[in-house]
Amino acid sequence: EVTWTHTSDLPEPWRWVTGGEFLMTNGMSFPKSAKEQADLVRHLAHAGVAGLGTGENMYCPRLTAAFTPTSDELGFPVLWIRYPLPFVAISRSGAEATLVDQSHRLARTVRIYDLIRRHTARGAAPAELLSALARELGCEIQVCDRATGNPWFPGTTPLDPTISRAVVALSGASKNLAGGAYGLSTGRERAGMLTP
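Sequence positions in the sequence shown follow the numbering used here and run 3 to 198.
So this is what it looks like as structure tokens:
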């Protein structure tokens, strides 16, 4: 299911997604080797990306013999976008098809801003705000020190040790943690997103 469309020519694009995206690329950072192309497909599929589209007559290197079998094995759709179809036309179609979902996200965003405003106005403890945000979003939320994985605010529950180690490992290994949301690979069913 495609929930959003997005263009990206960033290396490691799987670190910038939350799942459901159809990614479109001109191939400027697309890997050339068979192993790296197969790994790209695996990482995108593992991150929950809905599919990948590459622009014809752009900068994408030749797809290797490992690329197609890997995408077929994972059931990961790859589309060749014919020139001169603009990516924006695909994005517009995706946006129109997901209007109801977008309105739900907008309503949730308004609730989150209101929740933050109310908690801040009455001087609530950070742990209380995190707990309220977690209930609204239906997931665990932690604010932690990237270097240690320890909780930032007193009175908050420590991270699961596996997630804590993944935060520290990503912080030490990534070249750029200045912005965006990064998927944390924990090797288990639990997944995490790190937002610097």
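Idealized CB from N, CA, C, for every residue including glycine.
Nearest to residue i by CA position, among the options, is which residue?
i      : options                       : result
Val145 : Pro33, Pro71, Pro160, Leu139  : Pro160
Asp41  : Ser105, Ala171, Leu76, Arg167 : Leu76
Glu14  : Ala68, Pro33, Ala123          : Pro33
His48  : Arg110, Arg17, Ile92          : Arg17
Thr66  : Phe89, Val90, Ala36           : Ala36
How big is the Cα-Cα spacing for residue i and residue j?
i      : j      : result
Ala134 : Val169 : 23 angstroms
Arg84  : Tyr61  : 13 angstroms
Asp74  : Leu87  : 25 angstroms
His45  : Phe78  : 11 angstroms
Ser10  : Glu98  : 20 angstroms
Ala180 : Ser166 : Because Ala180 sits at a pLDDT of 48, beneath the cut-off of 50, its placement in the model cannot be relied upon, and the following sentence gives the value as read from the coordinates. Approximately 19 angstroms between the Cα atoms of the pair.
Met195 : Arg148 : 13 angstroms
Asn152 : Pro63  : 42 angstroms
Trp82  : Gly140 : 36 angstroms
Gly29  : Glu58  : 10 angstroms
Arg120 : Ile92  : 39 angstroms
Arg107 : Asp116 : 14 angstroms
Gln104 : Leu172 : 31 angstroms
Ala136 : Ala123 : 19 angstroms
So, at 7 angstroms on beta carbons, what are the nonlocal neighbours of residue i in its own chain, with the 5 sequence-adjacent residues on each side left out?
i      : result
Ala129 : Phe155, Gly157, Thr158
Arg113 : Glu138
Gly22  : Glu3, Val4, Thr5, Trp6, Gly50, Ala52
Gly96  : Val4, Trp6, Thr7, Phe24
Phe69  : Gln39, Ala40, Val43
Using only the heavy atoms of the ligand ATP, determine whether one of them is closer than 7 angstroms to the beta carbon of residue i.
i     : result
Gln39 : With respect to the ligand ATP, the structure offers nothing, as it holds no ligand at all.
Whose C-beta lies closer than 6 angstroms to the C-beta of residue i among residues of the same chain, with five residues either side of it excluded?
i     : result
Val80 : Leu54, Ser73
Have a look at the DSSP bridge pairing and note the partners of residue i.
i      : result
Glu142 : In the DSSP output, where bridge partners are listed per residue, Glu142 has none listed.
Trp6   : Glu23
Return the chain-ordered list of same chain residues with a C-beta closer than 8 angstroms to the C-beta of residue i, the five sequence neighbours on each side being excluded.
i     : result
Leu12 : Trp18, Ser31
Kindly provide the ranges of any alpha helix (DSSP H) runs that are 4 or more residues long and lie completely inside the stretch 39-112, ordered along the chain. Look at the stretch 39-112 and you find these whole runs of alpha helix (DSSP H), each 4 residues long or longer: 69-76, 89-99.
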